[in-house]
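K.L.:
My questions all concern the structure below.
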Amino acid sequence: MVMRSSPLPRMSRRGRVTIGVLVGVFLLFTLLGWGVQAWTDWLWFDEVRYTQVFTGVLLTRVLLFLTVGLGLAAFVGGNLWLAYRLRPKLRPHSLEQATLERYRVLITPRIGTWISLTAVVLGLFAGLSAQGRWTQWLLFRNGGDFGVKDPEFGIDVGFYVFQLPFWRYLLGVGFTAVVLALIGALAVHYVFGGVRLQGVGDRMTGAARAHLSTLVAVFVLLKAVAYVLDRRAMLLEYNEGAKLYGAGYADVNALLPAKEILAYISVVVAIAIIVFSNAVMRNLVWPGISLALLGVSAVAIGGIYPWAVQTFEVKPSARDKEAPYIQRSIDATRAAFDISEVQTKGYAASNLVPPASLATDTSVVPNVRLLDPQLVSETYTQLQQVRGFYDFGPKLDIDRYSVENKTSDYVVGVREINYGELTDQQNNWINRHTVYTHGYGLVAAPANQVVCGGQPYFVSGFLGEKAQEACSSQAEQIPASQPRIYYGERMQPDDYAIVGQTSADKDVEFDRPTPTTGGEQYYTYTGEGGVEIGSFTRRLLYSIKEQETNFLLSEAVNDNSKLLYVRNPRDRVEKVAPFLTLDGDPYPAVVGGKIQWIIDGYTTAATYPYAERINLQQETTDELTNRGTFQLARENVNYMRNSVKATVDAYDGTVRLYEFDDGDPVLKAWNKAFGGDLVLPKSAIPADLAAHFRYPADMFKVQRNLLTKFHVTNPGDFYSGQDFWQVPNVPDAPDSGQKQPPYYLFTQFPNQDAPRFQLTSAVTPNGRQNLAALISGSYVDGQPKLEVLELPDQTRISGPVQVHQQMTNNATIRTELNLLSSNQAQVQYGNLLSLPFADGMLYVEPVYVKSNQQDAYPLLQKVLLSYGDGGSYVVLANNVTDGIKQLVEQGKRAGQGSTPPPSSGGTPPTPPPSASPSPSASPGASSPPPSGDLAAATQRVQAAIAEVKAAQASGDFERYGRALKALDDAINAFQQAQQGNPPSGNPPATPSPSAGG
1 MVMRSSPLPR MSRRGRVTIG VLVGVFLLFT LLGWGVQAWT DWLWFDEVRY
51 TQVFTGVLLT RVLLFLTVGL GLAAFVGGNL WLAYRLRPKL RPHSLEQATL
101 ERYRVLITPR IGTWISLTAV VLGLFAGLSA QGRWTQWLLF RNGGDFGVKD
151 PEFGIDVGFY VFQLPFWRYL LGVGFTAVVL ALIGALAVHY VFGGVRLQGV
201 GDRMTGAARA HLSTLVAVFV LLKAVAYVLD RRAMLLEYNE GAKLYGAGYA
251 DVNALLPAKE ILAYISVVVA IAIIVFSNAV MRNLVWPGIS LALLGVSAVA
301 IGGIYPWAVQ TFEVKPSARD KEAPYIQRSI DATRAAFDIS EVQTKGYAAS
351 NLVPPASLAT DTSVVPNVRL LDPQLVSETY TQLQQVRGFY DFGPKLDIDR
401 YSVENKTSDY VVGVREINYG ELTDQQNNWI NRHTVYTHGY GLVAAPANQV
451 VCGGQPYFVS GFLGEKAQEA CSSQAEQIPA SQPRIYYGER MQPDDYAIVG
501 QTSADKDVEF DRPTPTTGGE QYYTYTGEGG VEIGSFTRRL LYSIKEQETN
551 FLLSEAVNDN SKLLYVRNPR DRVEKVAPFL TLDGDPYPAV VGGKIQWIID
601 GYTTAATYPY AERINLQQET TDELTNRGTF QLARENVNYM RNSVKATVDA
651 YDGTVRLYEF DDGDPVLKAW NKAFGGDLVL PKSAIPADLA AHFRYPADMF
701 KVQRNLLTKF HVTNPGDFYS GQDFWQVPNV PDAPDSGQKQ PPYYLFTQFP
751 NQDAPRFQLT SAVTPNGRQN LAALISGSYV DGQPKLEVLE LPDQTRISGP
801 VQVHQQMTNN ATIRTELNLL SSNQAQVQYG NLLSLPFADG MLYVEPVYVK
851 SNQQDAYPLL QKVLLSYGDG GSYVVLANNV TDGIKQLVEQ GKRAGQGSTP
901 PPSSGGTPPT PPPSASPSPS ASPGASSPPP SGDLAAATQR VQAAIAEVKA
951 AQASGDFERY GRALKALDDA INAFQQAQQG NPPSGNPPAT PSPSAGG
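FYI, in UniProt numbering the residues of the sequence shown are 1 to 997.
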């Protein structure tokens with residue numbers, strides 16, 4: 001007698017009601033949250049006029065969710081229902097069947113519910129996964145051809161970029177659906193007796209065998225399709241033999257044929273499974289043998305044979321065997337990252353003596369950038385802050401402007417609201433969101449000028465002119481008709497502003513201090529940006545979104561109110577164009593009288609055949625990352641284009657996307673996906689906006705890093721790796737492991753016909769520190785141009801790290817630098833600039849001093865200059881003009897033979913004498929310039945006087961005392977030198993001894 005188990009106890013009515021209420025509340029709040037988010041997103045997209053992005057992405061996500069979710073649910077649920085319908089009517093009596101009976105009793109009355117529930121849950125997870133693939137689907141639907149064919153199969157690259165990713169995803173969905181259906185069907189067959197482990201007779205009914213064998217056959221057919229796609233995907237995989245991406249010798253000659261054979265074998269095995277299981281032998285022996293043969297074939301043909309070819313044929317002569325495939329990878333990488341057209345020119349760098357033309361140059365020396373945008377941000381904040389809640393950020397930006405028909409680079413920054421600096425009294429909801437709503441003004445200073453003992457020469461800003469009347473007679477203007485900053489880099493996601501409202505017909509938004517009286521002016525926002533929240537419905541909506549009752553209760557929100565949110569320019573563009581990868585360094589510019597944020601947008605792909613795959617975050621990280629620039633996401637790509645220039649109006653938040661690379665197929669696909677008018681054509685770019693475009697930093701870093709290897713185009717040389725370069729570390733902190741950031745300059749390189757605004761970086765040979773090349777990126781006639789100035793392999797020119805060490809370790813210079821630093825002040829080094837000039841190399845490095853006193857800021861006090869190999873001709877001067885004069889004088893003395901050549905250790909010659917008369921000379925007396933020891937003593941006095949002035953301006957009393965002592969010692973040394981060098985005599989100059997640099 002078979003014992004039947006009692007059914008499970010039923011839940012009480014109160015329990016069911018409680019669970020129903022809890023589930024209902026959960027669904028209500030979940031759906032309410034989704035609804036509020038969707039509604040507010042729609043209002044935001046409607047404000048910026050990009051509703052096609054919102055609807056396009058939403059509909060695509062919903063479509064994929066429903067299609068894939070319902071498809072998988074129907075397939076799995078259908079197979080579960082089929083397995084139930086194919087259950088045997090009679091089951092043999094056994095202990096196994098008796099055990100399973102309790103489950104059948106539980107499941108059978110509600111079999112439809114159980115199957116539906118299982119299918120819905122699986123379909124839900126599949127749909128959620130599918131909706132995240134909206135980018136792949138849109139590219140699949142709208143992608144075209146690249147006009148470039150892969151070197152192995154002759155298929156257009158567009159198939160790999162647009163089609164292959166989605167096909168592989170669909171294949172993965174197919175495998176998942178078949179496996180889930182197979183497992184589920186097997187479980188149902190087992191529970192209802194179609195598959196048995198005990199008892200007499202067959203272990204599987206004919207119906208169950210036909211069902212399960214068909215699913216296995218479908219799985220094997222999908223495997224055949226996978227082998228076909230794998231053959232294409234091999235052009236994307238890493239090649240261990242050549243240490244590059246793309247199919248190598250063993251892949252092409254062994255693995256590709258193997259996968260083709262395995263695809264045919266899979267089809268045969270699938271047919272054999274169906275035929276032998278159900279028509280011929282009606283058992284699972286031969287299907288099992290077929291599957292085993294497929295597995296053995298996969299190991300032998302797809303694994304052992306390619307391994308043997310790689311080990312015994314390729315490795316002994318890898319350089320020759322892999323050469324054609326290395327060439328493929330070189331060509332593909334250079335094409336994919338737009339470095340195929342890079343212009344490489346040799347630069348002999350054979351001149352190691354400062355030429356006289358340095359003193360008369362009008363292209364390089366006058367444009368030397370002294371202001372470091374990272375260091376002077378504190379200076380901007382202290383001198384141009386005006387109120388404690390204004391901020392310029394940790395790093396400023398470099399741009400160029402033409403003032404009085406003269407173009408030069410400027411260090412620019414916008415005076416933004418920093419809500420983190422509001423005092424406790426200021427930081428209430430009313431003040432934070434309705435009073436302190438915006439910043440004011442773009443502040444700029446020429447990058448090659450300083451005044452007032454080392455301060456920037458501010459030429460714009462509502463108090464800039466008045467602040468520097470004592471230092472400069474006139475300040476040029478970069479006009480901005482609307483200087484208010486409602487959208488800026490300092491804005492966080494919760495920094496929304498409620499604007500447009502008035503209180504008793506008075507302006508309530510703090511605008512700026514009154515320049516004349518020191519009072520405060522207020523303002524009411526009149527821009528078109530912002531979401532209107534005057535109605536009760538809108539206020540309730542945003543009250544729920546922000547979880548803030550003041551939207552409903554506060555009188556500060558009225559019928560005229562608008563809500564500004566998503567106020568960071570980079571976040572704003574990212575929301576409008578989620579398919580773009582944005583550069584980490586947006587920058588402001590005055591365009592047409594308005595302050596515009598300019599953001600570079602990149603289109604990327606990860607499936608360009610044979611191209612090198614990189615990690616964007618890793619390749620773009622350097623000293624400035626997260627210190628004024630945004631860190632890019634960890635995205636692996638092997639194709640990249642600077643296809644879009646985006647702008648965000650700092651006042652009203654208007655977003656515009658301009659096509660910059662009109663030949664990029666990826667951008668064309670995205671534009672087509674969103675109606676064809678998402679991105680404005682290149683012809684629509686205003687001329688005054690294009691004048692402020694600059695070569696994007698992150699794109700340049702990627703290209704520079706790739707060029708350290710892929711400047712080598714010969715496969716044999718590439719394989720050996722002997723000519724590879726590397727990016728040097730930060731010169732003044734080489735042990736930090738951080739790479740030296742590229743720097744913007746307005747200068748002229750030897751291969752250029754006029755000065756350009758360009759992004760520049762030095763590279764050194766791999767494993768060494770001497771200079772290998774200079775890489776620069778600029779725009780010529782609106783088109784990007786990448787250039788490489790390559791030095792000879794055996795050059796004596798030092799790299800940035802070596803030059804900094806040689807300059808700062810020089811005995812004379814080290815003494816002066818020690819005078820600048822103390823317990824109350826510290827020395828900071830600016831950008832070390834590498835400037836090719838007159839067949840040699842000029843290095844310039846600003847030296848800042850920052851007092852340790854509260855609210856102190858760095859002041860530019862000295863400039864380090866070097867010419868030649870980095871250690872032979874080195875000076876520490878008060879400014880670039882004096883430094884150039886000293887370098888030229890050193891060169892003249894070297895040419896006259898009065899100064900012996902420096903030792904191999906890099907000992908610099910004695911700094912040249914000054915042209916000024918000696919302190920003891922009577923007015924109007926005519927005397928020859930001092931020389932020898934007297935010249936050195938004269939220069940020492942002048943340096944000491946300059947240090948006294950600088951120390952006095954810095955407010956560092958300890959430094960001031962040391963400077964006075966140094967001046968006293970310098971005067972005594974000058975008097976002693978006078979006694980040994982009478983004015984009538986002019987003995988040959990004798991260099992003073994100094995330690996090797």
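Note that CB positions come from ideal geometry on N, CA and C, so glycine has one too.
All values reported here derive from a predicted model rather than from experimental measurement.
1. Touching or not, the segment 763-770 and the segment 795-802, by the rule of three or more beta carbon pairs under 8 Å?
2. Using DSSP with H/G/I as helix, E/B as strand and the rest coil, what is Arg328?
3. Give the DSSP-derived three-state secondary structure of Ile595 in the structure shown.
4. Tell me whether the beta-carbon of Tyr227 lies closer than 8 Å to the beta-carbon of Glu237.
5. Determine the extent of the alpha helix (DSSP H) in which Ser543 is found, giving its start and end residues.
6. What is the DSSP secondary structure of Gly20, reduced to helix, strand or coil?
7. Since I believe Tyr525 is in contact with Gly500 (beta carbons under 8 Å), could you give me their beta-carbon distance rounded to a whole number of angstroms?
8. Going by the beta-carbon positions, is the gap between Asp759 and Tyr744 smaller than 8 Å?
9. To which residues of the same chain is Gln738 closer than 7 Å at the C-beta, ignoring the five residues directly before and after it?
10. Please tell me whether Thr214 and Ile274 are closer than 8 Å, where the distance is taken between their beta carbons.
11. Return the bridge partner residues of Tyr848 from the DSSP annotation.
12. For the putative contact between Val76 and Leu122, defined by C-beta atoms under 8 Å, what is the C-beta separation to the nearest angstrom?
13. Mind checking whether Phe162 and Phe140 have CB atoms under 8 Å apart?
14. Can you tell me whether DSSP reads Leu580 as helix, strand or coil?
15. At what residue ranges does the segment 96-126 contain a whole run of the alpha helix (DSSP H), taking only runs of 4 or more?
16. Taking Cβ positions, are Ile599 and Val573 nearer each other than 8 Å?
17. Considering just the uninterrupted stretch of the alpha helix (DSSP H) at Pro165, what are its terminal residues?
18. Rounded to whole angstroms, how far is the Cβ of Leu887 from the Cβ of Gln861, which I believe are closer than 8 Å?
19. What are the complete beta strand (DSSP E) segments, minimum 3 residues, inside the segment 650-691?
20. Please say whether Ala318 and Gly393 have beta carbons closer to each other than 8 Å?
21. Counting beta carbon pairs with one atom in the segment 634-641 and one in the segment 585-598, are three or more of them shorter than 8 Å?
22. Given this structure, state the Cα-to-Cα distance separating Val655 from Val414, to the nearest angstrom.
23. Between which two residues does the alpha helix (DSSP H) harbouring Thr379 extend?
24. Taking the straight line between their C-alpha atoms, what separation do you get for Ala181 and Asn79?
25. Measure the C-alpha to C-alpha separation of Leu95 and Ile111 and round it to an integer number of angstroms.
26. Between the alpha carbons of Ser363 and Leu833, how many angstroms are there, rounded?
27. Is it right to say Asn764 is buried, meaning 16 or more other beta carbons lie within 10 angstroms of its own, or is it exposed?
28. Can you list, in chain order, the residues of its chain whose CB lies under 7 Å from that of Leu124, leaving out five sequence neighbours each side?
29. Taking DSSP as the reference, what is the three-state secondary structure of Ile430?
30. Is the CB-CB distance between Glu416 and Gly488 below 8 Å?
31. What did DSSP end up calling Glu416 once you bin it into helix, strand or coil?
32. Suppose only complete runs of 4+ residues qualify. What are the alpha helix (DSSP H) ranges in the segment 691-727, listed by chain order?
33. Against chain D, does Gly441 count as a neighbour if the rule is that its beta carbon must be under 8 Å from one of theirs?
34. Under the assumption that Asp662 contacts Lys645 (Cβ atoms under 8 Å), give the Cβ distance between them as a whole number of angstroms.
35. Does DSSP put Phe146 in a helix, a strand or coil?
P.N.:
By the coordinates alone:
1. By the Cβ criterion, the segment 763-770 is in contact with the segment 795-802, since at least three pairs of Cβ atoms, one from each stretch, lie closer than 8 Å.
2. For this step, residue 328 is matched to residue 328 along the sequence shown. Under the three-state reduction of DSSP output, Arg328 falls in the helix class.
3. As a working note, residue 595 is residue 595 in the sequence shown. Ile595: strand per DSSP, three-state reduction.
4. Numbered from its first residue, the sequence shown carries residue 227 at position 227. Numbered from its first residue, the sequence shown carries residue 237 at position 237. For the 8 Å CB-CB criterion, Tyr227 and Glu237 do not form a contact.
5. Translated into the one-based positions of the sequence shown, residue 543 becomes position 543. Its alpha helix (DSSP H) spans residues Phe536 to Glu546.
6. Counting from 1 along the sequence shown, the entry for residue 20 is found at position 20. Looking at Gly20 - three-state DSSP - the assignment turns out to be helix.
7. Within the sequence shown, the letter at position 500 stands for residue 500. Within the sequence shown, the letter at position 525 stands for residue 525. Yes, they are in contact, since the Cβ atoms of Gly500 and Tyr525 sit about 5 Å apart, within 8 Å.
8. One-based indexing of the sequence shown puts residue 759 at position 759. One-based indexing of the sequence shown puts residue 744 at position 744. Correcting the residue identity first, residue 759 is Leu in this sequence and not Asp. Cβ distance < 8 Å, so Leu759 and Tyr744 count as in contact.
9. The count along the sequence shown starts at 1 and reaches residue 738 at position 738. Contacts found: Asp622, Glu623, Asn729 and Val730.
10. Taking the sequence shown and counting its residues from 1, the one referred to as residue 214 is at position 214. Taking the sequence shown and counting its residues from 1, the one referred to as residue 274 is at position 274. Cβ atoms of Thr214 and Ile274: closer than 8 Å.
11. Taking the sequence shown and counting its residues from 1, one reaches residue 848 at position 848. Paired residues: Gln828 and Leu860.
12. Translated into positions along the sequence shown, residue 76 becomes position 76. Translated into positions along the sequence shown, residue 122 becomes position 122. Taking C-beta atoms under 8 Å as the contact rule, Val76 and Leu122 qualify, at a distance of about 5 Å.
13. Residue 162 sits at position 162 when you count from the first residue of the sequence shown. Residue 140 sits at position 140 when you count from the first residue of the sequence shown. In this structure, Phe140 lies closer than 8 Å to Phe162 by Cβ.
14. Here residue 580 corresponds to residue number 580 of the sequence shown, with the count starting at 1. It is coil, neither helix nor strand.
15. Listed in chain order, nothing qualifies, since the segment 96-126 has no complete alpha helix (DSSP H) run of 4 or more residues.
16. Along the sequence shown, read from residue 1 onward, the residue named residue 599 stands at position 599. Along the sequence shown, read from residue 1 onward, the residue named residue 573 stands at position 573. Taking 8 Å as the Cβ cut-off, Ile599 and Val573 qualify as a contacting pair.
17. Position 165 of the sequence shown holds residue 165. Going by DSSP, Pro165 is part of the alpha helix (DSSP H) stretching over Leu164 to Val191.
18. Locating residue 887 in the sequence shown gives position 887, counting from the first residue. Locating residue 861 in the sequence shown gives position 861, counting from the first residue. In fact, because the Cβ distance is near 19 Å, the residues do not count as touching under 8 Å.
19. Taken in chain order, the unbroken stretches of beta strand (DSSP E) that lie wholly in the segment 650-691 and span 3 residues or more are 655-659.
20. Taking the first residue of the sequence shown as position 1, residue 393 is located at position 393. Taking the first residue of the sequence shown as position 1, residue 318 is located at position 318. No. Outside cutoff.
21. No contact exists between the segment 585-598 and the segment 634-641.
22. In the sequence shown, the residue the question calls residue 655 occupies position 655. In the sequence shown, the residue the question calls residue 414 occupies position 414. The straight-line gap separating the alpha-carbon atoms of Val655 and Val414 is approximately 18 Å.
23. Locating residue 379 in the sequence shown gives position 379, where the first residue counts as 1. Its alpha helix (DSSP H) spans residues Ser377 to Gln384.
24. Position 181 of the sequence shown holds residue 181. Position 79 of the sequence shown holds residue 79. Cα-Cα distance, rounded: 6 Å.
25. Along the sequence shown, read from residue 1 onward, the residue named residue 95 stands at position 95. Along the sequence shown, read from residue 1 onward, the residue named residue 111 stands at position 111. Straight-line measurement puts the Cα of Ile111 at about 23 Å from the Cα of Leu95.
26. Stepping through the sequence shown from its first residue, residue 363 is reached at position 363. Stepping through the sequence shown from its first residue, residue 833 is reached at position 833. Between Ser363 and Leu833, the C-alpha separation is close to 15 Å.
27. The sequence position of residue 764 within the sequence shown is 764, counting from 1. This sequence places Thr at residue 764; Asn is not what is there. Around the beta-carbon of Thr764, 16 or more other beta-carbon atoms lie within 10 Å, marking it buried.
28. Position 124 of the sequence shown, counted from the first residue, corresponds to residue 124. Result list for Leu124: Gly69, in chain order.
29. Sequence index remark: in the sequence shown, residue 430 carries index 430 (1-based). Three-state DSSP puts Ile430 in a helix.
30. Within the sequence shown, the letter at position 416 stands for residue 416. Within the sequence shown, the letter at position 488 stands for residue 488. Judged by their CB atoms, Glu416 and Gly488 are nearer to each other than the 8 Å cut-off.
31. As a first step, residue 416 is located in the sequence shown; it is residue number 416 there, counting from the start. Strand.
32. Listed in chain order, the complete alpha helix (DSSP H) runs (minimum 4 residues) inside the segment 691-727 are 697-710 and 715-720.
33. Checking the listed chains, one finds no chain D in this structure; it contains a single protein chain.
34. Sequence index remark: in the sequence shown, residue 662 carries index 662 (1-based). Sequence index remark: in the sequence shown, residue 645 carries index 645 (1-based). Their Cβ separation, rounded to whole angstroms, is 12 Å, which puts Asp662 and Lys645 out of contact at 8 Å.
35. On the sequence shown, position 146 is the one that residue 146 refers to. Looking at Phe146 - three-state DSSP - the assignment turns out to be coil, as it is neither helix nor strand.
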